[in-house]
Amino acid sequence: MKISTKGRYALRMLIDLAGHNSGDFIALKDIAERQNISKKYLEQIIPVLSKSNIVLTNRGFKGGYRLAKDPSKYTVGEILRLTEGSLSPVPCLDLEPIGCERSCECSTLEFWQGLKRVIDNYVDSVTLQDLLDRQKERESTNII
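Residue numbering for the sequence shown follows the numbering used here, starting at 1122 and increasing by one per position.
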């Protein structure tokens, strides 16, 4: 499994929104500038997050984006599944029941299922707030 730029940038954008969570809407250009990400690229990610009610949108003067809920309510797993689709290490685990004619005799199936459980448990245990807290902690220890 490899997380794409879309997934990584979505996380960065949402952490930025969480870190600037004053209740005001934040312009995409400001997020793009702070995160050093193309505004055009963020414009491609926003519809997915908006449709899923991760972010709220406000058009016009003082328009922009903000989180719909508290950062502690969003898991990394939820965000990555929206932007990446499946987080399964192998395609046969994407279907229920397992969509492989060899599943009854597959000597590696249990391994892949275990790896998927570990991945899911980890990404579902980390919230945006956790990532924001870690970022703030790193920044505070790097002040000279």
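Each residue gets a CB set at the ideal place from its N, CA and C atoms; glycine is no exception.
Just so we're clear, the structure is a prediction, and the values are computed from it rather than from any experiment.
Burial is judged here by how many other beta carbons sit within 10 angstroms of a residue's own beta carbon; T1204 has at least 16 and is buried. Here DSSP, grouped into helix, strand and coil, assigns R1187 to strand.
Between the stretch 1170-1187 and the stretch 1230-1242, the count of C-beta pairs closer than 8 angstroms stays below three; the two stretches do not touch. Closest in C-alpha terms to K1123, from the list D1241, E1222, D1254, P1210, comes P1210. By the CB criterion at 7 angstroms, L1214 and L1138 fall outside the cutoff.
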